[in-house]
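Each remark here refers to the structure printed beneath this line.
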Amino acid sequence: MSAAAEVLERPAKLEKKPNLLMRTLRQKQAKIGLALTLLVLAIALFGPLALPWLTGSTSTEFTGRPFTSTGLFGTDNLGRDVFSRFLDGGLKLLVYSALATGIGMLLGVVLGMVAAYSGRRLDGLLMRGNDVLLALPQLVFAMLAITVLGPQGWVLVLVIGVTHAPRVARVTRSAAAAVITEDYIRASEMYAVPRWKILLTEVLPNITGPLMVELGLRMTYSIGFVAALSFLGMGMQPPNADWGLMINENRIALVVQPWGVILPVLAIAVLTVGTNLLTDSLARASANINVGN
Amino acid sequence: MSTEPSQLPSRRAVLGGGMALGLGLLLSACSSAGASVLEAPSGPPRRGGTLRVGLAGGGAADSLDPHSPVSTTDIARVVNLYESLLYRDENFELKPLLAVKVIPDASAKVWTATLRPGVKFHNGAPVTAQDVVATFKRITNPKDPKSGAASLAILDEVVALDAETVEFRLNTASATFDDSLGQYALGIVPADFDVLHPVGTGPFKAKSFDAGRQSVFVRNDGYWRENEPYLDELVILNFSDQDALINSLLSSQVDAIGQIPLALLEVIGADPRITVLKSPTGGWMPFTMRVDKKPFDDVRVRQAFRLAVDREQMIQQVLSGHGTVGNDLYAPFDPGFAAALPQRTQDIAKAKALLADAGYPKGLDIELVTAPIQSGAVEAAQVFAQQAAAAGIRVKIRQVETTTFFGDNYLDWTFAQDFWYTRNFLPQVSSSSLPDSPFNETHWDNKKFTALVDRANQEVDEARRNQLIAEAQKIEYEQGGYIIWGFPDQADAYQKYVAGLVPNKTGLALSGFEFRRAWIGVSQ
Chain A
1 MSAAAEVLER PAKLEKKPNL LMRTLRQKQA KIGLALTLLV LAIALFGPLA LPWLTGSTST
61 EFTGRPFTST GLFGTDNLGR DVFSRFLDGG LKLLVYSALA TGIGMLLGVV LGMVAAYSGR
121 RLDGLLMRGN DVLLALPQLV FAMLAITVLG PQGWVLVLVI GVTHAPRVAR VTRSAAAAVI
181 TEDYIRASEM YAVPRWKILL TEVLPNITGP LMVELGLRMT YSIGFVAALS FLGMGMQPPN
241 ADWGLMINEN RIALVVQPWG VILPVLAIAV LTVGTNLLTD SLARASANIN VGN
Chain B
1 MSTEPSQLPS RRAVLGGGMA LGLGLLLSAC SSAGASVLEA PSGPPRRGGT LRVGLAGGGA
61 ADSLDPHSPV STTDIARVVN LYESLLYRDE NFELKPLLAV KVIPDASAKV WTATLRPGVK
121 FHNGAPVTAQ DVVATFKRIT NPKDPKSGAA SLAILDEVVA LDAETVEFRL NTASATFDDS
181 LGQYALGIVP ADFDVLHPVG TGPFKAKSFD AGRQSVFVRN DGYWRENEPY LDELVILNFS
241 DQDALINSLL SSQVDAIGQI PLALLEVIGA DPRITVLKSP TGGWMPFTMR VDKKPFDDVR
301 VRQAFRLAVD REQMIQQVLS GHGTVGNDLY APFDPGFAAA LPQRTQDIAK AKALLADAGY
361 PKGLDIELVT APIQSGAVEA AQVFAQQAAA AGIRVKIRQV ETTTFFGDNY LDWTFAQDFW
421 YTRNFLPQVS SSSLPDSPFN ETHWDNKKFT ALVDRANQEV DEARRNQLIA EAQKIEYEQG
481 GYIIWGFPDQ ADAYQKYVAG LVPNKTGLAL SGFEFRRAWI GVSQ
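These protein sequence lines are chains A and B, in that order. Just so we're aligned, residue 1 is where the first sequence starts under full-length UniProt numbering, counting upward by one. Just so we're aligned, residue 1 is where the second sequence starts under full-length UniProt numbering, counting upward by one.
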């Protein structure tokens, strides 16, 4: 980041404040968060490409008896190379979490904005319905759906996404409720701009701050849920390599060959801590214009 | 310590003393753990002591009912409180227990049991033929049949001829009815038995029982075997989790644990304080192919699947090398076992050729339903999927929960797994391989096979019966729906100071739970 350029630029365009992203990234914890997130992302994205030449085996090949010290991090419960499985196990977890978060955000934002803008009866209807859904614990609901529909990828993504939606909607509604009383909304209404256009062009850009925070939070939760469901045997199916599944498969040998559990636990922990730090900085930047300046 | 002239100890001294005491206790605790027994005791068995046994499984539904043990902990308790007429010893041979002999008549329809004289129940009453009759009435009570009743379906009535002789009258001839009588769930109890005051003839008497937690049994001083049992007290503890079970052994909170994961056998055995007891068993974890459903209705497909398995690798990867290779046949300890059939090995080329003949030149897709029904089941499915890929068999694994697996679709899965404990051929067939068997998971219905089994069931001459069994097994070897890749070993672990336990082929943990044999060596 060229601070000098920034300084030079500022007098020229005095009215332009540094945008949300910039303000976020100027915080120290955001940098740490970004670094951690990128590290795990890199492992998940490029890990599968590094097989088998980096470790000498694919993630499903048998390299020895179970729980022996063959290879860099030993073998897992079936005698497969732990490191290969670790490198291969993150991509699906991340893709599923990202998709689930995306679905949840989309549904939630639409619902929340509609509720806030339409007010009164529709608002009440949507939000009380929301309350009912909020009363269900997310993980229990997900387990129920998977038991009924079978452990398929799309079920996993959809069910986590859909259960995110009420939570996102709640945040969106309160953020949007503060915006819709503004004069520029009134102005647009006077010009008879269609409702959807007002929501899209006037309301949405003004609530991105809280929404970005929510996005980060939901991403963290999604990662946790996908990993937890895989751990319970309801997410990714064997012989797929997956971090959550790995923890389950190798936990009986925690004392003997801990790497099969430690590696995926570390990766998930680092990833969630990283995204949390980022989200935290984002929240600060959006709440206080002066952060990072 | 205190430098103050006062007679009363100063606050500092008291605190210091207290700390020193605490530290001392801690140190002595450490040293006592460090000086645990590192060598197995030898010499004649010693009397006395308490044995604490940890077992995984069981729960609030645990009971001391002699005739419906369900969980492992139930079985362990039942074996030590009660005794049946016959039993399977450590070599899986049928031996007399409460009966001295059980013999059939020429038609194999009437069996006569002679009771062991002088045996007394825990309450001091002698065991009579009337008690045996009452016991079997309790088990086969049509209103509340116990778990042993399934194999007694052919039993018409039990008649006491005199105080020591009982006659079992069957409705169908069965030359192996004695095998049915050798089940641990057929313990003889007094005619006025009440499960709240469990009275049997076993080596231990019930002192206290807390379902799902633990039971305390004490020595039965009037036990009929000489010198046994050696222990004063036997405590059986429930564990809900295998990790907790192993940790409690390593931290000396229990003296013995049953069924440790085979993958951890070497590691646990490397601890100098621990002995590992490994027993070969006839338990099996087959893949089940439904012979009446596509694609397995074609015998060539079934044989191709069997040829796709690398059995040695299965044993290595799934059981960490602790098991015996299988030959697609169950009942390996049966005297009639067809050991002469050549060992089947992996033959990918032949498997591919068979699949091509059957109309799958490009291989086929198949869904394999698996569940953690037994340790190693899900693992076996994964290894099979990996091996079969070479033959063009693309296996999609579908893991379900155990409750789902044994739920509505159980016995309907096209391609799935199961597990069975050690049994001899004829009892196994009647549970799983006849058209009217309760658990015929492969839907096996072969006229010739059934006819051979029927004849074997009625054949009193053992040599001829064994020949019929071998013939029937040959049919299964050539056409059957089971892929039986191996028989896992049973491994238990206990502290070095525990003695007297021996390897046991029945598949029950810790010497078949026969704790009458166990004794505690001196701990120093």
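Ideal placement from N, C-alpha and C gives every residue a C-beta, glycine not left out. None of these values were measured; they are calculated from a predicted model.
Below the 8 angstroms Cβ cutoff, chain A contributes Arg65 as neighbours of Gly321 of chain B, in chain order. Contact between Leu51 of chain A and Val273 of chain A fails: their C-beta atoms lie close to 26 angstroms from each other, not under 8 angstroms. Boundaries for Ser215 of chain B: no alpha helix (DSSP H) harbours it, while the beta strand (DSSP E) harbouring it runs Gln214 to Arg219, taken from the DSSP string.
In the structure shown, Val53 of chain B adopts extended strand secondary structure according to DSSP, grouped into three states. For Val267 of chain B, there is no enclosing beta strand (DSSP E); the residue is part of the alpha helix (DSSP H) that begins and ends at Leu265 to Gly269. Beta-carbon to beta-carbon, Ser208 of chain B and Arg65 of chain A are separated by about 43 angstroms, too far to satisfy the 8 angstroms threshold.
Distance from the Cα of Val110 of chain A is smallest, within the candidate group A:Thr275, A:Leu263, A:Gln257 and A:Leu199, for A:Leu199.
Lys120 of chain B is bridged by DSSP to B:Pro126. Against chain B, the beta carbon of Leu78 of chain A has neighbours under 8 angstroms at Gln317, Val318, Glu379, Gln382 and Val383, listed in chain order. Within the segment 228-262 of chain A, those residues whose Cβ lies closer than 8 angstroms to any Cβ of chain B are, in chain order, Gly233, Gln237, Pro238, Pro239, Arg251, Ile252, Ala253, Leu254, Val255 and Val256.
The alpha-carbon separation between Gly129 of chain A and Trp154 of chain A amounts to approximately 24 angstroms. Using a Cβ-Cβ cut-off of 8 angstroms, Pro142 of chain B does not count as an interface residue toward chain A, since no Cβ of chain A sits closer than that to its own. Residue pairing for Asn238 of chain B: DSSP places it in a beta bridge opposite B:Leu55. Fully enclosed beta strand (DSSP E) runs of no fewer than 3 residues occupy 415-417 of the segment 412-443 of chain B, in order along the chain. Residue contact check for Phe62 of chain A against chain B: a CB pair falls below 8 angstroms. For Thr450 of chain B, no pairing in a beta bridge is given by DSSP. Interface annotation for the segment 247-269 of chain B against chain A: Pro261, Ala263, Leu264 and Val267, criterion Cβ-Cβ distance under 8 angstroms. Inter-segment contact for the segment 88-104 of chain A and the segment 220-230 of chain A is present: three or more beta-carbon pairs are separated by less than 8 angstroms.
Secondary structure within the segment 133-167 of chain A: the alpha helix (DSSP H) runs of 4 or more consecutive residues, fully enclosed, are 138-149 (chain order). Using a Cβ-Cβ cut-off of 8 angstroms, Ile397 of chain B is close to Gln237, Pro238 and Pro239 of chain A, given in chain order. At a C-beta separation below 7 angstroms, Asp243 of chain B has these neighbours in chain A: Ile252. Following the DSSP letters along the chain, one finds Gln29 of chain A inside the alpha helix (DSSP H) bounded by residues Lys28 to Phe46. If you draw a 10 Å sphere on the C-beta of Pro198 of chain B, you find 16 or more other C-beta atoms in it, and that means buried. One finds nothing in chain A with a Cβ atom closer than 8 angstroms to the Cβ of Gln417 of chain B; even the nearest lies about 13 angstroms away.
Going by beta carbons, Trp413 of chain B and Tyr230 of chain B fall outside the 8 angstroms limit.
The three-state reading of DSSP puts Glu83 of chain B in coil, since its state is none of H, G, I, E or B. Closest in alpha carbon position to Gln214 of chain B, among B:Ala191, B:Thr72, B:Gly481 and B:Glu401, is B:Thr72.
Beyond the five residues adjoining it in sequence on each side, Pro126 of chain B comes within less than 6 angstroms, by CB distance, of Lys120 in the same chain, given in chain order. Among the residues of the segment 386-413 of chain B, those with a Cβ less than 8 angstroms away from any Cβ of chain A are Gln386, Ile397, Arg398, Gln399, Glu401 and Thr404, in the order of the chain. Apart from sequence neighbours up to five positions away, the residues of its chain that approach Arg169 of chain B with a beta-carbon distance below 6 angstroms are Val110, Asp156 and Glu157, ordered along the chain. Ranked by Cα distance from Gly47 of chain A, the options A:Leu25, A:Asn19 and A:Phe86 are led by A:Phe86. Restricting attention to beta strand (DSSP E) runs no shorter than 3 residues, the segment 475-500 of chain B encloses them at 486-488 and 490-495, ordered along the chain.
Contact between Ile469 of chain B and Asp328 of chain B is ruled out by a C-beta separation of about 15 angstroms, above the 8 angstroms threshold.
For the pair Ser430 of chain B and Phe439 of chain B, the CB atoms are not nearer than the 8 angstroms cut-off.
For the pair Gly212 of chain B and Asp357 of chain B, the CB atoms are not nearer than the 8 angstroms cut-off.
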